[in-house]
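Shown next, in structure tokens, is the structure this report addresses.
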Amino acid sequence: MTAAVATTAPVVLVLIIAILLQQAWPAVTHFGPAFLTGVNWNPVTESFGALPAIFGTVTTSFLALVIALPIGVAVAVFLAEQGQQTFRGVIGTGIELLAAIPSVVYGIWALYVLAPWSYQHIEVPISDRFGFIGWLSQPGVRSLFNASLVLAVMILPTLTAISRDVIRAVPRGMKENAVALGATWWETTWRVILPAARPGIFGATILALGRALGETIAVTMVIGNRYEIPPSIFSPAYTLASVIANEFTEATGTLYPASLIELGLVLILVTLTVNVIALLLVRSTKDRFAA
Amino acid sequence: MNRNARRRYASGASLAIVYALTVLALIPLGLVLWFTVSKGFPSVLHPEFFTNSFRPVGVPGAGIVHAIVGTAILVGLASLMAIPIGILGGVYLAEYNVARWASWVRLASDVLVGTPSIAIGLFAYALVVAPLHHFSGYSGAVALAILMLPIVIRTTEGAVALIPNGLRESGLALGLRRWRVSLQLILPAAAPGVITGALLAVARASGETAPLLFTAFGNQHLVFDPNGQLQALPLTVYQYALQPYKSLQDQAWGAALVLVVMVLGINLISRWVLRRQLRLASSL
Amino acid sequence: MPRLTFEKELASLRESLVRMGTLVESQIEAALNALRRRDGGEAEKVRTQDQYLNELFRQIREQVFMVISTQQPVARDLRYLMGLQYIATELERMGDYAVRIARMTSTLVALPDKPLRAEFGLMGELAIGQVHDILEAIIDQNVPRAREVASRDNEVDRLWHRVFEDLVREMGEGPTDTDGALRAVTLLLVAHNLERISDRVTNVAEDIVFLETGQVVELG
Amino acid sequence: MPRLTFEKELASLRESLVRMGTLVESQIEAALNALRRRDGGEAEKVRTQDQYLNELFRQIREQVFMVISTQQPVARDLRYLMGLQYIATELERMGDYAVRIARMTSTLVALPDKPLRAEFGLMGELAIGQVHDILEAIIDQNVPRAREVASRDNEVDRLWHRVFEDLVREMGEGPTDTDGALRAVTLLLVAHNLERISDRVTNVAEDIVFLETGQVVELG
Amino acid sequence: MMADSRPFIQPLVQAGRPELRALNGAGEAKVKTEQLSFYYGKNQALKDVTFEIPERRITAIIGPSGCGKSTLLRVFNRMYDLIPSARASGTVLLDGEDVLSTRRLLELRQKVGMVFQRPSPFPMSIRDNVAFAPRLLGWNSTRIKEVVRQSLERSALWDEVKDRLDDPATSLSGGQQQRLAIARCLAVSPQVILMDEPCSALDPVATLKIEDLMAELMKDYTIVIVTHNMQQAARVSDFTAFMLMNPDGRYGELIEFAPTADLFNQPQDQRTEAYITGRFG
Amino acid sequence: MMADSRPFIQPLVQAGRPELRALNGAGEAKVKTEQLSFYYGKNQALKDVTFEIPERRITAIIGPSGCGKSTLLRVFNRMYDLIPSARASGTVLLDGEDVLSTRRLLELRQKVGMVFQRPSPFPMSIRDNVAFAPRLLGWNSTRIKEVVRQSLERSALWDEVKDRLDDPATSLSGGQQQRLAIARCLAVSPQVILMDEPCSALDPVATLKIEDLMAELMKDYTIVIVTHNMQQAARVSDFTAFMLMNPDGRYGELIEFAPTADLFNQPQDQRTEAYITGRFG
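Protein chains in written order, with numbering that gives the first Met the number 0: chain A, 0 to 290; chain B, 0 to 283; chain C, 0 to 219; chain D, 0 to 219; chain E, 0 to 280; chain F, 0 to 280.
What follows is the structure, given as structure tokens:
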């Protein structure tokens, strides 16, 4: 009985892929591999290519990660320190709560607050100085960069929370030993604790990456939804999720929705691989200290 | 000595940097809350906001009751589907985790947690909407259920796994049946953790937009029939926010505030429950 | 917290010791009776009895062993065990003296009878009294009593010296024959052994002081 | 795995025991020399020396205590410790006999000189030899040797009986005076004590067998 | 005289010496183990263990870690069933009934109680902890009430908790929790009690309390205790089994089984002596 | 004769008896503790602890759990700094330098090494574990190479690991890991080594190995060991401090400090005797 129930998870997972594949089949057969490399998206001529969306998705996510990772780990280290527990507790809880805030809320905030601000105080100044570098020119309110920015804010809590747990999982004895050997706080953290936690933190990172890749709403609201490989990180772009979110409901015919669903399929496969890697890594750390 | 002085200095400096970064991290997160509250507050002040449903732009007294009700129905249905299954599954994973494929189940549910909600929306669409040829609350509930299921499973398993093995052994050593030990000794001990899991799942589900876009789809009127289209809070925020009309944008902020309060509320409760669980487990 | 097992074993050990003491006492008594009544049979019995005494002694030692190796006693407990064992050793010796007296009795029985001088009776009384009382001191762990008993040693010594001098003078004066000499010498040795017994009592007293207080003292 | 501390303490304990043995041996030797040379001073010295013997004995006991209470020895280790302690007890006794011989020597010195009969020399030789050899047996933990040494007891016994009979006969025959009697009796006691010493050696031998093999045996 | 001198020796013999105490009355084999071998999947954990656990006595199993003493203990109540791939061969007879093959597992475990290293009290009141099993066994409340009291009394806990039976069990100290665990297992009135390092998590004071308790329980129960603390085995047990891991086979085997007093004074096997005198390895 | 009979007694006295061994050469106070009190926030953990730890001797601190022995140990290298709200008053002098007030923490901790109950090897190779601290001190590689070897030799681990110095430290057995921990702390050549229950996680065999090692190290280091295993304290230490929790104040205090042999034979304090003879509480 329970055994049967327990299998629902894998069953569902397989179902999802199977059904989406079946739904996407027309597109898969019609475009073949070219779908992944095609650059235009034209419902009228029914020519669809996923590359710009894929590019958008991947770049936004990685950019977000680059911004969030160092900060996240730093905060995690801060939180894992003992002392002023209540204080750290409050901050920790606060950050975890922010992980729970619906993405649509981040979206609206990004749309009306973050994006304008970042346009004025980040994009413009940078492009003024470094505009001569192509991909730092043409600042815009709705841009790939701002999407990354909001993503960074959104994954920061996850990143922090998991990293903190991993760091806390490092046996206290290690810290004590290092300190007893006359190591400073930094030496202890940097040479003993973080190395011990490394795999776990890496796992957390990739997990966050997965989140970023799949994030739909917030990105859709600020990325500008232009279906092209943007010339600059400050220009509008598109992501797999956004395309689906924006176009699926009005998609007509067979090939158009099929293509959209194929986009979804691509998205799933990307996140799936990323996730699997992450999970295996996290697990390995846990086991290390379980022994 | 000299070197040691340098070491102390380096250590101090790096500590300072860590603190600085923490502050930096807190700023945007703080701002999110601040703006949601400050911008959403005005619209929340009107009682109609909670009693009335959609009014065309310009017509005063617009409200979001239809969205709240919709969310309630969707999440309610989803919970009915996801939570019981999730709990049993979680207990099974923790209690019989020796089974070879258990680790696969675990991996699957983890992956499911990470699957983009939009894709799950697509799935629900293909599974329910397409065959029935109309958007419906049911399809939305299905989507949300799929979102919730892995969360419930994993948190339940986590909570159960937290219970020291000694408890299990002691129970069996007293000559009690395996399933009795699992359900009458272990599960009660893990109850708070399990509840936490359920609550978190609910919170997550009630905040999701993407899966509802082409399942529940949305509805401007207050309806209770899950077989038809349903509005939901997140949908409201999403749709109104992108409108050029100030009034709708304000309603969006208002809805956002309601949503945030709801979600954070649930979270805080679950957290409180969880803390009791941890204290208990550690004392076992 | 009692440490039941350990206490139980200590108790049984003390008990065995008391048994041993009683046996010793009866041995000495028997030996002296034999001497007084010139009863060769009784003397013989004393000698055979001695084996039980040795057996008891062996067992007490073994028991002490077992308790030490299984209970890891320290401080007072250990002292107590060792003390009991010291005492056992002394008792076993006393037993030997009883046997020796018995042996000499057998010699005397073979010789022509003569009235036994009063001192022997006295010394016997005293010695037996000491042994008896020291046993009580052991049982009710009574240190002052032990000291008191030890102090009586002097009296016995006095008697022993008197007996010695008298016998020597006797031998010196007047015409003697081998039998006479043999008898005198034997009696002398009997007295000597009685004196040794009361010495041992002193040692036991010292051991009691030790096992109760942990102090090493020289009595008498 | 060696258990360094414990081994060290065992070693030092054995060492102390050997010291004690050597002292006993020299005590007995001294006592006999005094007897042979009629040297009151030497005899006196033996009696004063005895205190060191007792001190040594006290310390060995204490040491055994400490080792038991701190090292919780069991089985062979415990047996070994107890064995050493038994031996110490015997040695201390031998010391007492030496003292007694010395005391008697003082008595004899006061009396008119007469040639000492050969048996005393012999018995002395034998006794000392036994003590000496049993010490070696202890040092190189040599059980057969111990047994051999113990077996020599019979020879000493034989001598003791001869001395006894001769002296008694002497006293019986012919005219004697108090001094003569005293002298005879004293010599008799000397011989008696020598015999006792060699008895003790037998006990030591038994103890050696015990601490090496764990068997309780009756030798001689 | 011959006759009435015997008593001088006889009674004494019984007093101090477990192996002789064992001879009168109780002490017949309660559990017979013959040629017991045990495997975790491919690797063998025990080989040809053969010995008899005497009734209403305390039997200690000692040995260095990895010698399989815990494994052996877990055979007696089939705890190893929890581990798949665990397999036992040979015979283990409890009152003549085969433990390894019995289908009546629940009865077996009620007959053979077990106390673990960590007391792990159930997350409920002290009373409910003791009453837990009886309730599931569907005993009526009066009987349960009775049992709770008895068990707590026997485990020398009653006086300490009788006024707070409804407090959570977790509010007890480590030592008390362990005694509660014992009470819990007494509640189903077992005949054999297996103890797996019951004191290794306790301080000396609590430890000695438990040891005294064992001495008490011995009167009515057959106790088997696994401990890596030799001194403890020596202190509490009547019989001791010494196990060692076979250097080649990497499996545990029984080296020597004897009355405790003998094993700690005259061990028959070189390795036993080496181990108890700490000259080992 | 008087004269040359003395030697019969003299040397013997020194041999078996730590407190007397202590008298010759080493044994002067290395750490002086005076009126030491310790607080965790509001509640007092130690009160007026005053005693002296002799140089190049093994000093054991025993007592029931909660008597504050670990706390006391953690004062000597200021480990308690890790716990905020922990506060110490009184004086602790190490070679005359005040430990409580010193700002030169790193130096202090290099001088006072510590070994914990759980060895917790660092997630790196065996070699790197030992080389950890020296590298922080910026020693040159040749010197480090040298130190690694020495430390491992002193901790009696060299022969077992010399061919696998680059294996992860976690691949070692529990006992080896503990000796590695010792090597790790020897590497910075401390003068005092604090050991907090170093053996409570090990089996008897590994335990005795460590105890022997301590006996070796004693020649060059001052060792302070906290253990709840009285027998162990008795076996290894020259001096023993017995601590107890004050029933009213709920703070730990030093009941008796004496040469081990004396403390276990003639304890001066009732409570000490009660504790070591197990008649406690």
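Note that the Cβ used here is the ideal one computed from N, Cα and C, for glycine as well.
Element boundaries [beta strand (DSSP E), containing B:Pro149]: Locating residue 149 of chain B in the second sequence gives position 150, counting from the first residue. It is not in any beta strand (DSSP E) - B:Pro149 instead sits in the alpha helix (DSSP H) that spans Gly136 to Leu161.
Between the CA atoms of B:Leu263 and A:Leu78 - distance to the nearest angstrom: As a first step, residue 78 of chain A must be located in the first sequence, where it is residue number 79. As a first step, residue 263 of chain B must be located in the second sequence, where it is residue number 264. Spanning the two alpha carbons is a distance of roughly 21 Å.
Cα-Cα separation, F:Asn264 to F:Thr239: As a working mapping, residue 264 of chain F is identified with position 265 in the sixth sequence. As a working mapping, residue 239 of chain F is identified with position 240 in the sixth sequence. If you take the alpha carbons of F:Asn264 and F:Thr239, they lie about 12 Å apart.
Those runs of the alpha helix (DSSP H) which lie wholly inside the stretch 96-136 of chain A and span at least 4 residues: 102-108, 114-117 and 123-129
Other residues of its chain near D:Met93: CB distance less than 6 Å, five sequence neighbours each side excluded: Taking the fourth sequence and counting its residues from 1, the one referred to as residue 93 of chain D is at position 94. Same-chain partners within the cutoff: Val23, Ile196 and Arg199.
Whole-angstrom distance between E:Arg86 and E:Asp47, CA atom to CA atom: Stepping through the fifth sequence from its first residue, residue 47 of chain E is reached at position 48. Stepping through the fifth sequence from its first residue, residue 86 of chain E is reached at position 87. The alpha-carbon separation between E:Asp47 and E:Arg86 amounts to approximately 14 Å.
Neighbour list for B:Arg2 in chain F, Cβ cutoff strictly below 8 Å: Against the second sequence, residue 2 of chain B aligns to sequence position 3. Under the 8 Å cutoff, chain F gives Leu136 and Gly137.
Cβ neighbours of A:Leu180 in the same chain (closer than 6 Å, five flanking residues each side left out): Against the first sequence, residue 180 of chain A aligns to sequence position 181. Excluding sequence neighbours, A:Leu180 sits near nothing in its chain.
Helix, strand or coil at A:Tyr226 according to DSSP, with G and I counted as helix: One-based indexing of the first sequence puts residue 226 of chain A at position 227. Of the three classes helix, strand and coil, the one that applies to A:Tyr226 here is coil, per DSSP.
Exposure label - B:Trp178; buried when at least 16 CB within 10 Å: Taking the second sequence and counting its residues from 1, one reaches residue 178 of chain B at position 179. Exposed, because fewer than 16 other Cβ atoms sit within 10 Å of the Cβ of B:Trp178.
Proximal residues of chain C, C-beta to C-beta of F:Gln265 below 8 Å: In the sixth sequence, the residue the question calls residue 265 of chain F occupies position 266. Ordered by position in chain C, the residues that pass the 8 Å Cβ test against F:Gln265 are Ala74 and Gly213.
Residues, ordered as in the chain, of the stretch 79-96 of chain A that lie near chain B by beta-carbon distance below 9 Å: Glu80, Ile90, Thr92, Gly93, Ile94, Glu95 and Leu96
D:Glu135 - DSSP class collapsed to helix/strand/coil: Against the fourth sequence, residue 135 of chain D aligns to sequence position 136. In the structure shown, D:Glu135 sits in a helix (DSSP, three-state: H, G or I).
Residue environment, A:Glu175, which counts as buried when at least 16 other CB atoms sit within 10 Å: On the first sequence, position 176 is the one that residue 175 of chain A refers to. Looking at its Cβ environment, which holds 16 or more other Cβ atoms inside 10 Å, A:Glu175 is buried.
A:Thr272: contacting residues in chain F (beta-carbon distance under 8 Å): Along the first sequence, one-based indexing puts residue 272 of chain A at 273. Correct list: empty, because the minimum Cβ distance to chain F is about 27 Å.
Partner residues on chain E for B:Glu168, Cβ-Cβ distance less than 7 Å: Your numbering for residue 168 of chain B matches position 169 in the second sequence. Within chain E, Met78 and Phe115 have C-beta atoms less than 7 Å from the C-beta of B:Glu168, given in sequence order.
Residue-chain proximity (F:Asn228, chain E), Cβ-Cβ < 9 Å: On the sixth sequence, residue 228 of chain F is found 229 positions in, with the first residue counted as 1. At least one chain E Cβ lies under 9 Å of F:Asn228.
E:Gly248 burial status per 10 Å Cβ neighbour count (16 or more: buried): In the fifth sequence, residue 248 of chain E corresponds to position 249, counting from 1. Result: exposed.
The stretch 105-118 of chain B in contact with the stretch 238-257 of chain B per 3-pair CB rule at 8 Å: no
Near-chain A residues of the stretch 116-132 of chain F (beta-carbon distance less than 9 Å), N- to C-terminal order: When CB distances to chain A are screened at a threshold of 9 Å, the residues of the stretch 116-132 of chain F falling below it are Gln116, Arg117, Pro118, Ser119, Pro120, Phe121, Pro122, Met123, Phe131 and Ala132, in chain order.
Chain F contacts from the stretch 195-209 of chain E (Cβ-Cβ distance under 7 Å): Taking 7 Å as the Cβ-Cβ cut-off against chain F, the residues of the stretch 195-209 of chain E that qualify are Asp202, Pro203, Val204 and Leu207.
Exposure label - C:Gln71; buried when at least 16 CB within 10 Å: Residue numbering aside, residue 71 of chain C sits at position 72 when the third sequence is read from its first letter. The residue is buried, with at least 16 neighbouring Cβ atoms inside 10 Å.
Enclosing alpha helix (DSSP H) for D:Leu115 [first to last residue]: Numbered from 1 along the fourth sequence, position 116 holds the residue referred to as residue 115 of chain D. Unbroken run through D:Leu115: none, as it is neither H nor E.
Alpha carbon of E:Arg56 to alpha carbon of E:Gly40, nearest angstrom: Translated into the one-based positions of the fifth sequence, residue 56 of chain E becomes position 57. Translated into the one-based positions of the fifth sequence, residue 40 of chain E becomes position 41. Distance between the alpha carbons of E:Arg56 and E:Gly40 is about 34 Å.
E:Asp47, enclosing beta strand (DSSP E) - first and last residue: Sequence index remark: in the fifth sequence, residue 47 of chain E carries index 48 (1-based). That run of the beta strand (DSSP E) goes Asn42 to Pro53.
Backbone CA spacing between D:Ser68 and A:Ala160 [nearest angstrom]: Walking along the fourth sequence from the start, residue 68 of chain D turns up at place 69. Walking along the first sequence from the start, residue 160 of chain A turns up at place 161. Straight-line Cα distance between these residues: approximately 55 Å.
Residue from F:Ala28, F:Arg73 and F:Ile125 with nearest C-alpha to F:Gln177: Stepping through the sixth sequence from its first residue, residue 177 of chain F is reached at position 178. Of F:Ala28, F:Arg73 and F:Ile125, the smallest CA-CA separation from F:Gln177 is found for F:Ile125.
Contact under 9 Å by Cβ, F:Leu107 with F:Leu71: For the purposes of this step, residue 107 of chain F is taken as the residue at position 108 of the sixth sequence. For the purposes of this step, residue 71 of chain F is taken as the residue at position 72 of the sixth sequence. Result no, Cβ atoms of F:Leu107 and F:Leu71 do not sit closer than 9 Å.
Through-space distance from B:Leu247 to B:Tyr237, alpha-carbon basis: Against the second sequence, residue 237 of chain B aligns to sequence position 238. Against the second sequence, residue 247 of chain B aligns to sequence position 248. Each residue's alpha carbon lies about 11 Å from the other.
Within-9 Å CB hit, B:Leu92 to chain E: Residue 92 of chain B sits at position 93 when you count from the first residue of the second sequence. Output row for B:Leu92: interface = no.
Member of C:Phe56, C:Glu124, C:Gly171 and C:Leu115 whose CA lies at the smallest distance from the CA of C:Thr88: As a position in the third sequence, residue 88 of chain C is number 89, starting the count at 1. Taking only the C-alpha atoms, the option nearest C:Thr88 is C:Phe56.
Limits of the beta strand (DSSP E) - the one that F:Gln34 falls within: Locating residue 34 of chain F in the sixth sequence gives position 35, counting from the first residue. That run of the beta strand (DSSP E) goes Ala28 to Tyr39.
D:Ala10 - DSSP class collapsed to helix/strand/coil: For the purposes of this step, residue 10 of chain D is taken as residue 11 along the fourth sequence, with counting starting at 1. If DSSP states are grouped into helix, strand and coil, D:Ala10 belongs with the helices.
Limits of the unbroken alpha helix (DSSP H) element including B:Thr235: Residue numbering aside, residue 235 of chain B sits at position 236 when the second sequence is read from its first letter. Segment Leu232 to Ala240, the alpha helix (DSSP H) holding B:Thr235.
For A:Thr219 and B:Ala24, the rounded distance between their alpha carbons: Translated into the one-based positions of the second sequence, residue 24 of chain B becomes position 25. Translated into the one-based positions of the first sequence, residue 219 of chain A becomes position 220. Rounded to the nearest angstrom, the two C-alpha atoms are 23 Å apart.
Cβ neighbours of E:Gly24 in the same chain (closer than 7 Å, five flanking residues each side left out): To locate residue 24 of chain E, count along the fifth sequence from 1; it is residue 25. With a pLDDT of only 42 at E:Gly24, under the threshold of 50, the placement of this residue in the model should not be trusted; the figure read from the coordinates follows. Counting only Cβ-Cβ distances below 7 Å, and skipping sequence neighbours, we find nothing.
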